[in-house]
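Enquirer: According to this note's numbering, the sequence shown is numbered sequentially starting from 268.
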Amino acid sequence: MLPSGFKRIRHYGLLAPAAKATKLALARQALSVPAPDAVITATVEDFLQRVGRAQWARCPHCHDGRFVPTAAIPALRQAMPQSASVRGPP
Numbered sequence: 268m269l270p271s272g273f274k275r276i277r278h279y280g281l282l283a284p285a286a287k288a289t290k291l292a293l294a295r296q297a298l299s300v301p302a303p304d305a306v307i308t309a310t311v312e313d314f315l316q317r318v319g320r321a322q323w324a325r326c327p328h329c330h331d332g333r334f335v336p337t338a339a340i341p342a343l344r345q346a347m348p349q350s351a352s353v354r355g356p357p
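1. Which same chain residues end up closer than 8 Å to Arg317 when comparing Cβ atoms and leaving out the 5 residues on each side of it in sequence?
2. Can you give me the C-alpha to C-alpha distance between Cys329 and Ala339, rounded to a whole angstrom?
3. Tell me which same chain residues have a C-beta within less than 7 Å of the C-beta of Leu269, skipping the five on either side of it?
4. Within the same chain, show all residues whose beta-carbon is closer than 8 Å to that of Asp331, passing over the 5 residues directly before and after it, in chain order.
5. Would you kindly check if the distance between the Cβ of Ala294 and the Cβ of Leu281 is under 9 Å?
Okay, structure coming up:
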């Protein structure tokens, strides 16, 4: 939170977009903080198998078949457009 009369400027300093990676690396080195892990990308099946230690796509009844996605349910906000009568006055 900034004191009264101050304005946040993101163009300068440690988090400036132009040199963000370089300055953050120098700050981590100066503070003896290890670099964060690289972003790990995994499929949903791999993640759930690692976390749940089970094959989530297997049929729970016969344990032989596999579930196959047939459709995706859209998010509620995308499915229902907002009409003029629902919104408040400007």
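Cβ atoms here follow ideal geometry from the backbone N, Cα and C, with glycine treated the same way.
Expert: Working from what's here:
1. Ala309
2. 25 Å
3. Arg275
4. Arg325
5. yes
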